[in-house]
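Worksheet: the structure to be examined is printed underneath.
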Amino acid sequence: MLDSFETENEIVVITEFAPRELTAILSKEGYLSEEKVQQIVWDLISALYYLHSNRVLHRDLKPQNILLDLKSRAKLCDFGFARNMSTGTHVLTSIKGTPLYMAPELIDELPYDYNADLWSLGCITYELLMGTPPFCTSSILHLIRMIKHEQIQWPTLSSNT
Numbered sequence: 007m008l009d010s011f012e013t014e015n016e017i018v019v020i021t022e023f024a025p026r027e028l029t030a031i032l033s034k035e036g037y038l039s040e041e042k043v044q045q046i047v048w049d050l051i052s053a054l055y056y057l058h059s060n061r062v063l064h065r066d067l068k069p070q071n072i073l074l075d076l077k078s079r080a081k082l083c084d085f086g087f088a089r090n091m092s093t094g095t096h097v098l099t100s101i102k103g104t105p106l107y108m109a110p111e112l113i114d115e116l117p118y119d120y121n122a123d124l125w126s127l128g129c130i131t132y133e134l135l136m137g138t139p140p141f142c143t144s145s146i147l148h149l150i151r152m153i154k155h156e157q158i159q160w161p162t163l164s165s166n167t
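If you're matching positions, the sequence shown starts at 7 in my numbering and goes up one per residue.
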């Protein structure tokens with residue numbers, strides 16, 4: 007973050023230039039190499055470590071909220087659903103996020119914590135490697151059933167890394 011300020015209606019954060027959207031890259035390439043995925047996931051883990059160390063949950067991790075800078079470093083954006091957990095708060099209960107990347111506890115309307123962001127990161131990692139979200143259907147009810155009751159199916163990867 008380079009700077010920040012508040013207007014009458016919003017908080018503005020100024021960051022370094024990140025011209026590429028992960029969603030656009032996925033749309034064009036389908037999936038990414040393991041090497042690219044490793045770098046992106048490392049950057050996202052670092053961002054989540056920083057947020058969680060400061061008691062902040064992002065709550066809407068998805069490819070649309072990830073930008074890449076000119077060196078292909080991932081930058082997390084859109085903190086509209088982010089929530090600061092006060093010192094005494096251990097779990098949250100309000101439902102926020104995008105269903106394709108939503109943790110089971112959110113779907114069940116159970117209390118949740120930082121692990122909800124990690125679930126979303128796992129879904130993103132799967133999508134980066136496979137080219138599709140782990141649970142993909144056009145029916146929201148079917149999606150909910152899949153997230154709650156099905157195991158993620160990882161195909162065998164051919165890489166030796």
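No residue lacks a Cβ here, since even glycine has one placed at the ideal position from N, Cα and C.
Predicted model, so just to flag it, every value in this text is computed and none were measured.
**OP:** Can you tell me which of W160, Y55, I46 and V47 puts its alpha carbon nearest to the alpha carbon of P140?
**Re:** To locate residue 140, count along the sequence shown from 1; it is residue 134. Among W160, Y55, I46 and V47, the Cα nearest to that of P140 belongs to W160.
**OP:** Excluding the 5 residues preceding and the 5 following L127 in the sequence, name in chain order all residues of the same chain whose CB lies nearer than 8 Å to its CB.
**Re:** Position 121 of the sequence shown, counted from the first residue, corresponds to residue 127. Hits under 8 Å: V47, L50, I51, L54 and L67.
Original post:
Taking A88 as the reference, which of L38, V62, N71 and L135 has the closest Cα?
Top reply: Translated into the one-based positions of the sequence shown, residue 88 becomes position 82. Check the Cα spacing between A88 and each of L38, V62, N71 and L135: the tightest is with V62.
Subject >> Alpha-carbon spacing of N15 relative to T162, whole angstroms >> reply: As a position in the sequence shown, residue 15 is number 9, starting the count at 1. As a position in the sequence shown, residue 162 is number 156, starting the count at 1. Straight-line Cα distance between these residues: approximately 49 Å.
Subject >> S39 versus F85, T131 and N71, residue with shortest Cα-Cα distance >> reply: Along the sequence shown, read from residue 1 onward, the residue named residue 39 stands at position 33. Here the closest residue by C-alpha is T131.
Subject >> Within 8 Å, strictly: CB atoms of L112 and Y120 >> reply: Counted from its first residue, the sequence shown places residue 112 at position 106. Counted from its first residue, the sequence shown places residue 120 at position 114. Cβ atoms of L112 and Y120: not closer than 8 Å.
Original post:
Got a sec, what are the start and stop residues for the alpha helix (DSSP H) K34 sits in?
Top reply: For the purposes of this step, residue 34 is identified with residue 28 of the sequence shown, where counting begins at 1. In the DSSP assignment, K34 falls within the unbroken alpha helix (DSSP H) covering L28 to E35.
Original post:
Sorted by chain position, which residues of the same chain lie with C-beta nearer than 7 Å to Y37's C-beta, five sequence neighbours on each side aside?
Top reply: Mapped onto the sequence shown, residue 37 falls at position 31. Once the five neighbours on either side are set aside, the close Cβ partners of Y37 are L134, L135, M136 and G137.
Subject >> Reduced DSSP category for L74 - H, G, I as helix; E, B as strand; rest coil >> reply: Walking along the sequence shown from the start, residue 74 turns up at place 68. Strand, per DSSP.
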